[in-house]
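Below: the structure, in structure tokens.
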Amino acid sequence: MKSRRIPRSAHDLRLPIFPTPLRSGAGFKPEHLGDILADARKVGFFEVHAENYMGDGGAPHAMLDRLRADYPVFLHGVAMSIGGEGPLDKAHLARFRRLVDRYEPHVVSEHLAWSTHDTAYFNDLLPVPYTRAVLARVVDHIDEVQNALGRTLLLENPSTYVTFDSSEMSETQFILEVARQSGCELLLDVNNVFVSATNHDYAPEDYLADFPLHLVREIHLAGHATDQDDAGHTLLIDAHDRPVAAEVWNLYEKVIAVRGPIPTLIEWDNDVPEWSVLKSEADAADVILSRHASDAHPELRHAS
Amino acid sequence: MQAEARFAAGLLDPSAPVPEQVRDQAPRRYAVYRNNVTVGLVKALEANFPAVRRLLGEAYFAGLARAFAQRHPPESPLLFHYGAAFPAYLAAQDDLSGFPYLADVARVEQGWRRAYHAADVQVLEAADLALAADRLMTLRFKPHPATFVLASSYAVHAILSANRGGDGVVADPARPQAVLITRPAHDVIVTALPAEQHAFLAALIDGAQLAEAAERGFAAGESFDLAGTIRLMVEAGVFQSLITQDGT
Chain C
2 MKSRRIPRSA
12 HDLRLPIFPT
22 PLRSGAGFKP
32 EHLGDILADA
42 RKVGFFEVHA
52 ENYMGDGGAP
62 HAMLDRLRAD
72 YPVFLHGVAM
82 SIGGEGPLDK
92 AHLARFRRLV
102 DRYEPHVVSE
112 HLAWSTHDTA
122 YFNDLLPVPY
132 TRAVLARVVD
142 HIDEVQNALG
152 RTLLLENPST
162 YVTFDSSEMS
172 ETQFILEVAR
182 QSGCELLLDV
192 NNVFVSATNH
202 DYAPEDYLAD
212 FPLHLVREIH
222 LAGHATDQDD
232 AGHTLLIDAH
242 DRPVAAEVWN
252 LYEKVIAVRG
262 PIPTLIEWDN
272 DVPEWSVLKS
282 EADAADVILS
292 RHASDAHPEL
302 RHAS
Chain F
4 MQAEARFAAG
14 LLDPSAPVPE
24 QVRDQAPRRY
34 AVYRNNVTVG
44 LVKALEANFP
54 AVRRLLGEAY
64 FAGLARAFAQ
74 RHPPESPLLF
84 HYGAAFPAYL
94 AAQDDLSGFP
104 YLADVARVEQ
114 GWRRAYHAAD
124 VQVLEAADLA
134 LAADRLMTLR
144 FKPHPATFVL
154 ASSYAVHAIL
164 SANRGGDGVV
174 ADPARPQAVL
184 ITRPAHDVIV
194 TALPAEQHAF
204 LAALIDGAQL
214 AEAAERGFAA
224 GESFDLAGTI
234 RLMVEAGVFQ
244 SLITQDGT
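If you're matching them up, the sequences are chains C and F in order. The first sequence begins at 2 in my numbering and counts up one residue at a time. The second sequence begins at 4 in my numbering and counts up one residue at a time.
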């Protein structure tokens, strides 16, 4: 009879070690796997949402095993609820740790946000007030995550639609202080900078001037939707459902000109297009990265 | 109430006011979060119950999914398991009395989803049985983690097939049918089971000895084909191993 043995996974093999890709990468969508493997021109890396691979086994892990054999994989959590008032979910941390052990991701990142309250999981990145009390909580949570995973975490700046009366400092001050106290590094989402700046009436250039760019190890780029609030104020939504906006490309180039090339992810999670369309967005980021190749940060050159 | 509880209170309740600690009181700003949460949960239910969605139509399903999400928000970020309470919720809807099979179809879709994400475990092979041929009738079996069986008063296998890629047409939905779900490698396999095969496999999955399970099979139908059903159970990967005397 036909063998029904499950093939050995890459689990117990030593995974390939890749240098830091000073290139663009793409969010991995299972429906693209065939086209990705058939594509002669490789992107720099792939990133996956950790929660999508927290099942016990089956096709998702088989696909990620296959991808990981050829590419650096970045692991991006969306549900750790680092900004939450309650304690971190130990079972979730343990699941995350198993993924880190299994896939040896190039980097591990999470959000400055919360998503769990009591037992309810709200599948969104909810905002926190920038207070000293929240700062202490976020630092404790990141410390716990970094200890549990045995890895340095990259923390991502959020897209926000509201602010809080209780905030005592700016978002950039808050993020800098979190990084200083926890030892985490940063994921700079340039689209989030543009979305929040537009929604809250400040210049994205001012935000970037205050942002600790020397701690940034990865950049995210994505498309946003345009809406209006009740007063007719423009309200940008971090929709991940279309190409990156021209203004965001311009901001991105300013960041790369200062920071030098670093891994840059194109996120496209809704209305996902064909692989060739997503790939062309990654190509556009590569053009900017290669324009500034000679500006490479000495520390990153060393790491690669 | 803590700040987080106040912010969370309106996320699934469109009639709730903007939380007082929010500086920008324009309702459409806070509503972005509410919309993200609601749309995300509806999409998760659509992904997990595609046949139920097709049976009810996109718009009706979305309304029902929104109402369900408001009452039963997920308790885990693993949204591919979201909707454990959805079959019972469907069964309790008076408006859906014209779809009496809906809850069972939803249960089968849940079984499909669990099988898809189940652990990668080897299945019992014909050779394992051959080695134990001398004590075949006393054997007990350990179910594979992907295995799911359900016997319904409705033609759940036919309804599921017709509404997951099929043409949607089921000639006679009001006939009893049982279904078996397995995943011997990476592909989920859905098999229609005659009543006697279901009786046999359900008994084995419950831990009965093979002789006892065979009795259940014959009791359910004189035409029960024991050898053929054992062959099916091995081919489909219902079990991962024999349970040895010491119970492992």
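By construction, the Cβ of each residue, glycine as well, lies at the ideal position given by its N, Cα and C atoms.
Contact set between residue i and chain F, taken where Cβ atoms lie within less than 7 Å
i	result
C/F175	Under the 7 Å cutoff, chain F gives no residues; its nearest Cβ is about 16 Å from C/F175.
C/M55	L81
C/A80	P80
C/E268	Here the premise fails: no neighbours, minimum Cβ distance about 15 Å.
C/E86	Q5 and E7
Amino acids of chain C, ordered along the chain, whose beta-carbon sits closer than 9 Å to that of residue i
i	result
F/L14	H118, A121, F123, D125 and L127
F/D209	Result: empty, since nearest Cβ-Cβ is about 22 Å, beyond 9 Å.
F/P148	D57 and G58
F/I29	Note on identity: in this sequence residue 29 of chain F is Ala, with Ile being the wrong assignment. By Cβ distance, chain C contributes V163, D230, D231, A232, H234 and L236.
Residue i versus the options, residue with shortest Cα-Cα distance
i	options	result
C/F97	C/L279, C/M81 and C/Y208	C/M81
C/H221	C/D66, C/S110 and C/V101	C/S110
F/E294	F/P53, F/P197, F/L105 and F/D131	Any question about residue 294 of chain F goes unanswered here, given that chain F covers just 4 to 251.
C/P264	C/A286, C/A95 and C/Q229	C/A286
C/V273	C/A27, C/V249 and C/A180	C/A27
C/V1	C/D144, C/F47, C/W115 and C/V139	Any answer about residue 1 of chain C is impossible in this case: the structure gives chain C only from 2 up to 305.
C/I176	C/L155, C/F195 and C/F165	C/L155
F/R178	F/A216, F/F52, F/Y104 and F/F71	F/Y104
C/A92	C/G56, C/E86 and C/H112	C/G56
C/D66	C/T120, C/P31, C/F195 and C/S160	C/P31
F/A133	F/D123, F/V21 and F/V237	F/V237
C/L279	C/A258, C/P244 and C/Y253	C/P244
C/P88	C/A294, C/P20, C/D239 and C/H142	C/H142
C/D125	C/A240, C/R42, C/D228 and C/S197	C/A240
C/G59	F/E78, F/F83 and F/P76	F/F83
F/A50	F/A6, F/Q180 and F/R117	F/R117
F/F102	F/R74, F/A158, F/F71 and F/A72	F/A158
C/D71	C/A198, C/F19, C/V139 and C/Y162	C/F19
F/V152	F/V172, F/P187, F/A161 and F/A206	F/A206
C/L216	C/A223, C/L150, C/L237 and C/C185	C/C185
F/V42	F/L67, F/Q24 and F/D175	F/L67
F/Q212	F/A54, F/F144 and F/A19	F/F144
C/F212	C/D230, C/A226, C/N200 and C/A180	C/A180
F/V55	F/V241, F/E215, F/A188 and F/H160	F/H160
C/I37	C/H293, C/I289, C/E275 and C/R292	C/E275
F/L99	F/G114, F/G60, F/Q125 and F/S79	F/G60
C/G151	C/E172, C/V101 and C/H33	C/V101
C/H225	C/D190, C/A134 and C/T153	C/D190
C/R42	C/V196, C/Y253 and C/S25	C/S25
Residues that residue i bridges to, as DSSP identifies them
i	result
C/H112	C/E157
F/K145	F/S244
F/T185	F/I192
F/G155	Going by the sequence as given, residue 155 of chain F is Ser instead of Gly. Paired residues: F/Q180.
C/I238	C/A226
C/S25	C/T265
C/I220	C/L189 and C/T265
C/A121	C/H118
F/L229	Per DSSP, none; premise fails for F/L229.
Partner residues on chain C for residue i, Cβ-Cβ distance less than 7 Å
i	result
F/N39	D125
F/F275	Because residue 275 of chain F is not part of the residues shown, which for chain F are 4 to 251, the question remains open.
F/R32	Y162, V163, D230 and L236
F/R69	Neighbours of F/R69 on chain C: none; closest Cβ ~14 Å, over 7 Å.
F/R186	G59
Cutoff 9 Å: residue i Cβ touching any chain A Cβ
i	result
F/V124	This model lacks chain A altogether, as its protein chains are C and F.
Neighbouring residues, chain F, relative to residue i (Cβ below 9 Å)
i	result
C/D166	E23, Q24, V25 and R26
C/E32	Per Cβ cutoff of 9 Å: no residues; C/E32 is ~13 Å from chain F at best.
Where residue i meets chain C, residues with beta-carbon distance less than 8 Å
i	result
F/L44	N124
F/P76	A121, Y122 and F123
F/H120	G56, D57, G58, G59 and P61
Proximal chain F residues relative to residue i, where beta-carbon distance stays under 8 Å
i	result
C/W115	E7
C/P130	A6 and Q24
Closer than 8 Å: residue i CB and nearest the ligand ATP heavy atom
i	result
F/E49	With respect to small molecules bound, the structure shown includes none, and the ligand ATP cannot be examined in it.
Any C-beta of chain F within less than 8 Å: which residues of the region 221-248 of chain C qualify? D228, Q229, D230, D231, A232, H234, L236 and I238
With 8 Å as the C-beta to C-beta threshold (strictly closer), list the residues of the region 171-184 of chain F near chain C in chain order. none
Going along the region 222-245 of chain F in order, which residues come within less than 7 Å of chain C, judged by CB to CB distance? If the cut-off is 7 Å between Cβ atoms, the region 222-245 of chain F has G240 near chain C.
Ignoring anything shorter than 4 residues, give me the alpha helix (DSSP H) runs that lie fully in the region 55-126 of chain F, in order along the chain. 61-74, 89-94 and 105-120
Scan the region 144-164 of chain C for residues whose Cβ lies nearer than 7 Å to a Cβ of chain F and list them as they occur along the chain. Y162, V163 and T164
Given a limit of 7 Å on CB to CB distance, which residues of the region 36-55 of chain C reach chain F? E52 and M55
Please specify which runs of the alpha helix (DSSP H), each continuous and at least 4 residues long, are wholly inside the region 41-77 of chain C, giving them in chain order. 60-71
My parser needs the beta strand (DSSP E) runs of 3 or more residues fully inside the region 142-192 of chain C; what are they? 154-157 and 186-190
Hey, which unbroken runs of the alpha helix (DSSP H) at 4 residues or more fall wholly within the region 16-51 of chain F? Qualifying alpha helix (DSSP H) stretches, in chain order: 30-51.
Members of the region 92-114 of chain C that neighbour chain F once the beta carbon cut-off is set at 7 Å: H93
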